[in-house]
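This report refers to the structure that appears directly beneath it.
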Amino acid sequence: MRLFEAKIRTMKRNDNDSSRMVLSPTMKLADLIELNYSLLIVLSRLGIDLGFGENTVAEVCRSHGIDVSSFLLICGVYTYDDYIAPNELLKAGNPADIVKYLHSSHSFYLDDELRKLEQTIGELVLPCDGNQQKVIFRFFSEYKKEVENHFAYEENTVFPYVAALLAHDTHDGYSMEQFEENHSNIDEKLNDLKNIVMKYLPSVCDTVLRNSVLYHIFFLEDDLDRHTMIENNVLVPMVNRLEENEKREQ
Numbered sequence: 145m146r147l148f149e150a151k152i153r154t155m156k157r158n159d160n161d162s163s164r165m166v167l168s169p170t171m172k173l174a175d176l177i178e179l180n181y182s183l184l185i186v187l188s189r190l191g192i193d194l195g196f197g198e199n200t201v202a203e204v205c206r207s208h209g210i211d212v213s214s215f216l217l218i219c220g221v222y223t224y225d226d227y228i229a230p231n232e233l234l235k236a237g238n239p240a241d242i243v244k245y246l247h248s249s250h251s252f253y254l255d256d257e258l259r260k261l262e263q264t265i266g267e268l269v270l271p272c273d274g275n276q277q278k279v280i281f282r283f284f285s286e287y288k289k290e291v292e293n294h295f296a297y298e299e300n301t302v303f304p305y306v307a308a309l310l311a312h313d314t315h316d317g318y319s320m321e322q323f324e325e326n327h328s329n330i331d332e333k334l335n336d337l338k339n340i341v342m343k344y345l346p347s348v349c350d351t352v353l354r355n356s357v358l359y360h361i362f363f364l365e366d367d368l369d370r371h372t373m374i375e376n377n378v379l380v381p382m383v384n385r386l387e388e389n390e391k392r393e394q
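Sequential numbering of the sequence shown, starting at 145, is according to the working numbering.
What follows is the structure, encoded as structure tokens:
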């Protein structure tokens with residue numbers, strides 16, 4: 145259980161906090177992790193291994209071929225709940241690195257978190273009767289399908305569009321405005337599943353397993369919220385700028 149507790153705990157500060165630390169390329173990466181250890185998962189998704197010694201954020205990013213402005217934008221979203229992406233970072237950042245992070249996150253959700261969650265739910269509902277098991281698995285299956293469809297749209301339509309823009313290739317009239325119009329919320333069924341596990345499963349269900357499932361769900365809710373913030377508040381304005389540049393060049 146401690147592992148999942150660690151996953152869902154994040155630094156919570158607001159804009160009125162005078163002690164709020166500004167994330168910068170010159171700070172040591174180890175100090176950044178001390179500030180918010182949930183960034184360990186960000187490092188993992190970007191392929192940054194531990195063992196970086198006393199190197200700064202800029203030095204580690206450079207050695208891994210990652211744009212430092214893009215890295216700081218992602219870290220800002222994960223560190224501050226009210227984070228507003230600075231224009232200078234949005235201008236300097238690389239949309240390709242943001243897409244790389246989002247793609248890696250998709251793989252993590254589908255191949256790791258949802259698989260583990262499904263396995264733990266299966267263990268949790270073993271003592272339940274058949275109807276109760278069907279309800280739980282129906283909710284989970286519907287949610288998983290919704291997530292798969294949501295990610296498939298981004299992988300098959302949005303990300304290739306961004307790559308085409310960066311390469312100055314044709315892209316069949318698509319725009320980020322269409323992405324924003326089609327960007328659906330995938331939290332509702334996850335919240336329903338959480339409430340069923342927390343409120344309505346019988347007491348014969350193991351408490352440790354129930355808590356493990358809930359920690360998984362709470363973590364997914366928080367991480368998916370930040371994932372969405374990166375898409376809406378970082379990727380969209382970056383790509384909007386690319387679209388504007390393309391129009392000026394035509």
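Heads up, the beta-carbon is just placed ideally off N, CA and C, and yes, glycines get one too.
Fair warning: this is a prediction, and the values are worked out from it, not measured in the lab.
Between P169 and C272, the C-beta gap is not smaller than 8 Å, which leaves the two residues out of contact. Per the coordinates, the alpha-carbon of I374 lies some 20 Å from the alpha-carbon of D256.
Scanning the stretch 223-262 from its first residue to its last, no whole beta strand (DSSP E) run of 3-plus residues comes out. Distance between H327 and V380, taken at the CA atoms: about 11 Å.
Pairing F196 with L173 gives a Cβ-Cβ distance under 8 Å.
Comparing alpha-carbon positions, the option among N339, K235, I330 and V302 lying closest to K288 turns out to be I330. Apart from the 5 residues on each side of it in sequence, K333 sits with its Cβ closer than 8 Å to the Cβ of F283, E286, Y287 and E290 in its chain, given in chain order. In the same chain as G237, and ignoring 5 residues on each side of it, the C-beta atoms closer than 7 Å to its own belong to D211, S213, S214, L217 and M382, in chain order.
About 13 Å separates the Cβ atoms of V357 and L270, ruling out a contact at the 8 Å cut-off.
Taking C-beta separations shorter than 6 Å and ignoring five residues to either side along the sequence, the partners of F303 in its chain run V243, following chain order. In this model, V348 and R259 are separated by some 24 Å (Cα to Cα). A direct Cα-to-Cα measurement between D241 and V378 gives close to 11 Å. Residue range T351 to I374 is occupied by the alpha helix (DSSP H) that includes E365.
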